[in-house]
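S.K.: Numbering-wise, UniProt numbering puts 116 at position 116 of the sequence shown, and it's gapless, one number per residue.
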Amino acid sequence: MGTVVALPLAEPPDEPTSSPGKKPAAKRGRKRGNGQGSIYQRKSDGRWVGAAYVLTADGTYKRFPVYGSSAEEVERALTAMKERSNRGLPAEATGWTVGAYATYWLDQVAKARLRPRTLIVYRSIIERYVIPVIGKKRLVRLSPQEVRLMLARVAATKRPGRKGQPDDDRPTVSARTVQHVHAVLRTMLAHAMREEVVSRNVARLVQVPAPEREAIQPWTDAEARAFLAAARDHRWYGLFAVALGLGLRKSELLGLRWADVDLTRRQLRVAQTLQRVRGVGVVYGPPKSRSSRRSVTMPMLVVEALTWQRAVQREEREAAGADWQETGLVFTTAAGRHVEARNLTTTFERLIKRAGVRPIRFHDLRHTCATLLLLGGVSPRVVMDILGHSQIAVTMNTYGHVLPAMQDEAAGRMDDALGAGEHGDD
């Protein structure tokens, strides 16, 4: 069976012509239904041709021709193309370029499935790294070698620098950036396979070395206590207590609502996040994954801190009067509005200096929480649930630095349980 291809039709295909007194130069095929035309054999190369009006990526219907070595072959291809169109899938065409399909995928598929912030990241990766290198390449002809070369160019890309900063002074992008570019392209091509636009996902055939995991920098229990003592008189003390006591992510802290806090039962539900998305603004949304939507039991440190936070917020509401903006959020500005993440980071860094403790990132408060729990003998499974990890392997891979101390503790407990030295040499 010959190869069947479909291309967007700019002009009518080469139809057969005949002259008076001569036999027709091409065979006429059977007439088809409305919108499908007829199937016929071309004079120029003997190939059979058919066409149909089908759905395209921009939502309109256009006439797509199909070519084959026999009328039956073209008939089957047209039927399949019409069935795809009726299911809402754009017509398969060898005319798709990587750039055109990437734009279609972002606008028509990813936009409906991804969170706004994630969509912006995906679009930035596609527009900055993928399209400039392989955007004009035919999608069906994209090879693993071309993907590998593209990723090599990404790895050599300089990071954005200050205005006027020489290129030699700017480092290249991180290995994690290369991994993200590969992951986005792989995801896009996986969807192209589901839509039967390509027959294989060439990005899956290219291996990308996993970036070295950044060493986490948790505080010791003494450092954590010193920081909380320095933050005790700050209006966001409760936020830092929740971050250290329960390991909530920054977006989860900023999106926390009083409706999700039960101080009497000591229960806190993580059900909303708050993030500022470039080009969009402040976005409220669900946690990043199903496992991130969780209910946890609050330690008394957190209960007391949130009780104090509620009292402070009540006083601020009364002081603001008509200027108060009710958001239902636990942590707000003095006027009730949401807290900006950058302002929180600035305050955090200032309190670190006041406490005189080792500087860490805000996210390391979450790592500190997990480390202290594990060192305290809490089951990794329980720690997984508190942090909202999807798998216990994520927890243990992230906090493997705690394992030696946990093994020492386990050995000591076994000695306590079974006795040590009772049958030693006399």
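Beta carbons are placed, not taken as given, at the ideal position from N, Cα and C, and that holds for glycine. Computed from a predicted structure; not experimentally measured.
(1) Where DSSP assigns a beta bridge to L268, which residues make up the other side?
(2) Would you grab the beta carbon distance between E73 and W48 for me? Rounded to a whole angstrom, and I think it's under 8 Å.
(3) Cβ atoms of V154 and V184: under 8 Å apart, would you say?
(4) Quick check: the region 307-314 against the region 136-155, are there 3 or more CB pairs under 8 Å?
(5) Can you check the region 325-395 for any alpha helix (DSSP H) of at least 4 residues that lies completely inside it and give the ranges in chain order?
(6) Could you check the C-alpha separation between P299 and R87 for me, to the nearest Å?
(7) Quick one: what's got a C-beta closer than 6 Å to G419's C-beta in the same chain, skipping five residues either side?
(8) Skipping 5 residues on each side, what residues in its chain have a beta carbon closer than 7 Å to that of R278?
(9) Go ahead and label Q207 buried or exposed: buried means 16 or more other beta carbons lie within 10 angstroms of its beta carbon, across all protein chains shown.
(10) Over what stretch of residues does the beta strand (DSSP E) that includes R63 continue unbroken?
(11) Does DSSP put G419 in a helix, a strand or coil?
(12) Looking at S174 and P209, is the spacing between their C-beta atoms short of 8 Å?
(13) From V303 to L114, what distance separates their C-alpha atoms?
(14) Which term fits G247, buried or exposed, when burial requires 16 or more other beta carbons within 10 angstroms of its beta carbon?
(15) In this structure, how does DSSP classify G88 when only helix, strand and coil are distinguished?
(16) With distances taken from CA atoms, which of R337, F362 and V394 is nearest T346?
(17) Could you please give the first and the last residue of the uninterrupted beta strand (DSSP E) stretch that includes residue 431?
(18) Tell me, please, which residues DSSP counts as bridged to G41.
(19) What three-state label does DSSP hand D221 in the structure shown?
(20) Near G46, what residues of its chain come up, given a Cβ to Cβ distance below 6 Å and the 5 sequence neighbours on each side ignored?
(21) Residues in its own chain within less than 7 Å of Y122 by CB, not counting five upstream and five downstream?
(22) In whole angstroms, give me the CA-to-CA distance for S199 and V140.
(23) Less than 8 Å between the CB atoms is what I'm expecting for A241 and A305, so what's the real figure, rounded?
(24) Since K158 sits in a beta bridge, which residues does DSSP pair it with?
(25) Using a 10 Å radius around the Cβ and a threshold of 16 neighbouring Cβ atoms, would you call P380 buried or exposed?
(26) For L228, which of helix, strand or coil comes out of DSSP?
(27) Do you know offhand how far F227's Cα is from L375's?
(28) Please indicate yes or no: does the CB of A215 lie closer than 7 Å to some heavy atom of the ligand NAP?
(29) Are the CB atoms of R294 and V270 nearer to each other than 8 Å?
(30) I need the boundaries of the alpha helix (DSSP H) containing R123, first residue and last residue.
(31) My output table needs one value for V197: the three-state DSSP class, helix, strand or coil.
(32) Does DSSP put S18 in a helix, a strand or coil?
(33) Which residues bound the alpha helix (DSSP H) around G238?
(34) Pair every Cβ in the region 130-140 with every Cβ in the region 95-105, then say whether three or more of these pairs are closer than 8 Å.
(35) Hey, could you find the ends of the beta strand (DSSP E) V282 is sitting in?
M.R.: So, from the listed chains and residues:
(1) Sequence index remark: in the sequence shown, residue 268 carries index 268 (1-based). Residue pairing by DSSP places L268 opposite V261 and V296 in a beta bridge.
(2) As a working mapping, residue 73 is identified with position 73 in the sequence shown. As a working mapping, residue 48 is identified with position 48 in the sequence shown. Approximately 7 Å separates the beta-carbon atoms of E73 and W48; this is inside 8 Å, confirming the contact.
(3) What you label residue 184 is simply residue 184 of the sequence shown in a count that begins at 1. What you label residue 154 is simply residue 154 of the sequence shown in a count that begins at 1. Taking 8 Å as the cut-off, the Cβ atoms of V184 and V154 do not count as close.
(4) Cβ pair count under 8 Å is below three, so no.
(5) As for any alpha helix (DSSP H) of minimum length 4 sitting wholly inside the region 325-395, the runs are 341-355, 364-375 and 380-387, ordered along the chain.
(6) Residue mapping note: residue 299 aligns to position 299 of the sequence shown, counting from 1. Residue mapping note: residue 87 aligns to position 87 of the sequence shown, counting from 1. Using only the alpha carbons, I get a separation of about 53 Å.
(7) Residue 419 sits at position 419 when you count from the first residue of the sequence shown. Answer for G419: no residue qualifies.
(8) Reading the sequence shown from its first residue, position 278 is the one you call residue 278. Excluding sequence neighbours, R278 sits near I120.
(9) Counting from one through the sequence shown, the residue named residue 207 turns up at place 207. Exposed, because fewer than 16 other Cβ atoms sit within 10 Å of the Cβ of Q207.
(10) Here the question's residue 63 lines up with position 63 in the sequence shown. For R63, the enclosing beta strand (DSSP E) stretches over residues Y61 to G68.
(11) Within the sequence shown, residue 419 is the residue found at index 419, counting from 1. Assigned with DSSP and collapsed to three states, G419 falls in coil, not helix or strand.
(12) Sequence index remark: in the sequence shown, residue 209 carries index 209 (1-based). Sequence index remark: in the sequence shown, residue 174 carries index 174 (1-based). Contact flag unset, no.
(13) Locating residue 303 in the sequence shown gives position 303, counting from the first residue. Locating residue 114 in the sequence shown gives position 114, counting from the first residue. Taking the straight line joining both Cα atoms gives about 34 Å.
(14) As a working mapping, residue 247 is identified with position 247 in the sequence shown. Classification for G247: buried.
(15) Residue mapping note: residue 88 aligns to position 88 of the sequence shown, counting from 1. Coil, per DSSP.
(16) The residue labelled residue 346 in the question sits at position 346 within the sequence shown. Taking only the C-alpha atoms, the option nearest T346 is F362.
(17) No information on residue 431 is available, as it lies outside the stretch 1 to 426 that the chain covers here.
(18) Start at 1 with the first residue of the sequence shown, and residue 41 comes out as number 41. Looking at the sequence shown, residue 41 is not Gly but Gln. In the DSSP output, where bridge partners are listed per residue, Q41 has W48.
(19) Position 221 of the sequence shown, counted from the start, is the residue given in the question as residue 221. Three-state result, D221: helix.
(20) Counting from 1 along the sequence shown, the entry for residue 46 is found at position 46. Excluding sequence neighbours, G46 sits near nothing in its chain.
(21) Working through the sequence shown from its first residue, we reach residue 122 at position 122. The answer, listed in chain order, is L106, A110, L114 and V184.
(22) Along the sequence shown, read from residue 1 onward, the residue named residue 199 stands at position 199. Along the sequence shown, read from residue 1 onward, the residue named residue 140 stands at position 140. Their Cα atoms are separated by approximately 8 Å.
(23) Here residue 241 is taken as the residue at index 241 of the sequence shown, counted from 1. Here residue 305 is taken as the residue at index 305 of the sequence shown, counted from 1. The beta-carbon separation of A241 and A305, rounded to 4 Å, stays under the 8 Å limit for a contact.
(24) Taking the first residue of the sequence shown as 1, we reach residue 158 at position 158. In the DSSP output, where bridge partners are listed per residue, K158 has T172.
(25) As a position in the sequence shown, residue 380 is number 380, starting the count at 1. By the Cβ neighbour-count rule, P380 is buried, with 16 or more other Cβ atoms within 10 Å of its own.
(26) By 1-based counting over the sequence shown, the position of residue 228 is 228. Annotated three-state conformation of L228 is helix, per DSSP.
(27) In the sequence shown, residue 227 corresponds to position 227, counting from 1. In the sequence shown, residue 375 corresponds to position 375, counting from 1. Rounded to whole angstroms, the gap between the alpha carbons of F227 and L375 is 19 Å.
(28) Of ligands this structure carries none, so the ligand NAP is not represented either.
(29) Taking the first residue of the sequence shown as 1, we reach residue 294 at position 294. Taking the first residue of the sequence shown as 1, we reach residue 270 at position 270. Yes.
(30) Start at 1 with the first residue of the sequence shown, and residue 123 comes out as number 123. Segment P116 to I125, the alpha helix (DSSP H) holding R123.
(31) As a working mapping, residue 197 is identified with position 197 in the sequence shown. In this structure, V197 counts as coil in the three-state DSSP scheme.
(32) Your numbering for residue 18 matches position 18 in the sequence shown. Here the model assigns S18 a pLDDT of 42, short of 50, so the residue's position is not dependable and the matter cannot be decided.
(33) Taking the sequence shown and counting its residues from 1, the one referred to as residue 238 is at position 238. DSSP places G238 in the uninterrupted alpha helix (DSSP H) bounded by Y237 to L246.
(34) Enough Cβ pairs lie closer than 8 Å, so yes.
(35) The count along the sequence shown starts at 1 and reaches residue 282 at position 282. That run of the beta strand (DSSP E) goes G281 to G285.
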